[in-house]
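**Q**
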Amino acid sequence: MRIAGFIIAILGALAAGLLGAAWLTDAAEQSARITQAKALGVDTGALDSIVTAAYVLVLSLGLGIAGGVFTLRGKGRIAALVLIAAGVAPALFAAKALVFTWLLVLAGLLSLGVKPREVRHAV
Numbered sequence: 001m002r003i004a005g006f007i008i009a010i011l012g013a014l015a016a017g018l019l020g021a022a023w024l025t026d027a028a029e030q031s032a033r034i035t036q037a038k039a040l041g042v043d044t045g046a047l048d049s050i051v052t053a054a055y056v057l058v059l060s061l062g063l064g065i066a067g068g069v070f071t072l073r074g075k076g077r078i079a080a081l082v083l084i085a086a087g088v089a090p091a092l093f094a095a096k097a098l099v100f101t102w103l104l105v106l107a108g109l110l111s112l113g114v115k116p117r118e119v120r121h122a123v
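Here the working numbering is used: the first residue of the sequence shown is 1, the next is one more, and so on.
Listed below in structure tokens is the structure:
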């Protein structure tokens with residue numbers, strides 16, 4: 001369960017990071033048009049939400065890796081909290097981000113089944 005949770009967390013983190021980087025690149029390429037649209041009074045609220053979600057997706061890359069490491073080390077509850085938060089947070093700004101972050105949520109649910117490692121004492 002540890003290995004599966006770790007691998008899924010890493011894959012989800014990479015997917016989230018790549019999506020965030022792609023959205024940020026697209027926003028940077030279109031920044032002149034966005035500025036023009038704002039000057040003309042066009043509502044860019046949805047686009048602003050996607051840019052915010054992109055930054056959160058990049059943050060989810062780091063959180064996903066950290067959650068995977070927590071899973072591998074047997075810290076299941078901490079890993080679940082970090083991974084589920086990393087998977088759901090981008091969706092608060094852009095729901096379509098869940099297409100890529102569902103792996104983080106799945107890894108978080110799997111990490112709930114991870115038991116702490118037993119400490120073995122030498123006799």
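Ideal Cβ placement from N, Cα and C applies to all residues, glycine included.
With a Cβ-Cβ cutoff of 7 Å, do Phe6 and Thr71 count as a contact?
**A** Along the sequence shown, read from residue 1 onward, the residue named residue 6 stands at position 6. Along the sequence shown, read from residue 1 onward, the residue named residue 71 stands at position 71. Yes, they are a contact pair.
**Q** Rank Ala79, Val56 and Ala53 by C-alpha distance to the C-alpha of Ile65 and give the top, closest one.
**A** Position 65 of the sequence shown, counting from 1, holds the residue named residue 65. Nearest option by C-alpha distance: Ala79.
**Q** Just to confirm, are Ala54 and Gly20 a CB contact at a threshold of 7 Å?
**A** Counting from 1 along the sequence shown, the entry for residue 54 is found at position 54. Counting from 1 along the sequence shown, the entry for residue 20 is found at position 20. Taking 7 Å as the Cβ cut-off, Ala54 and Gly20 qualify as a contacting pair.
**Q** Taking Cβ to Cβ, would you say Val114 is nearer than 7 Å to Gly74?
**A** The sequence position of residue 114 within the sequence shown is 114, counting from 1. The sequence position of residue 74 within the sequence shown is 74, counting from 1. In this structure, Gly74 lies closer than 7 Å to Val114 by Cβ.
**Q** Suppose only complete runs of 3+ residues qualify. What are the beta strand (DSSP E) ranges in the region 26-78, listed by chain order?
**A** Listed in chain order, nothing qualifies, since the region 26-78 has no complete beta strand (DSSP E) run of 3 or more residues.
**Q** Given this structure, state the Cα-to-Cα distance separating Leu103 from Ser60, to the nearest angstrom.
**A** Position 103 of the sequence shown, counted from the first residue, corresponds to residue 103. Position 60 of the sequence shown, counted from the first residue, corresponds to residue 60. Each residue's alpha carbon lies about 12 Å from the other.
**Q** Report the rounded CA-to-CA distance for Val99 versus Ser49, giving the unit in angstroms.
**A** Position 99 of the sequence shown holds residue 99. Position 49 of the sequence shown holds residue 49. Their backbone Cα atoms lie some 16 Å apart in a straight line.
**Q** Please look up how many angstroms separate the CB atoms of Val105 and Val88, rounded, as I've assumed it's under 8 Å.
**A** For the purposes of this step, residue 105 is identified with residue 105 of the sequence shown, where counting begins at 1. For the purposes of this step, residue 88 is identified with residue 88 of the sequence shown, where counting begins at 1. Rounded, the Cβ-Cβ distance is 7 Å, consistent with contact.
**Q** For Ala22, is the classification buried or exposed, using 16 other Cβ atoms within 10 angstroms of its Cβ as the cut-off for buried?
**A** Position 22 of the sequence shown, counted from the first residue, corresponds to residue 22. Answer is exposed; the Cβ neighbour count stays below 16.
**Q** CB-CB under 8 Å to Phe93, same chain, minus the five flanking residues each way: which ones, in chain order?
**A** Walking along the sequence shown from the start, residue 93 turns up at place 93. Counting only Cβ-Cβ distances below 8 Å, and skipping sequence neighbours, we find Ser49, Ile50, Thr52, Ala53 and Val56.
**Q** Could you pull the start and end residues of the alpha helix (DSSP H) that Phe100 belongs to?
**A** Along the sequence shown, read from residue 1 onward, the residue named residue 100 stands at position 100. Leu98 to Ser111 is the extent of the alpha helix (DSSP H) around Phe100.
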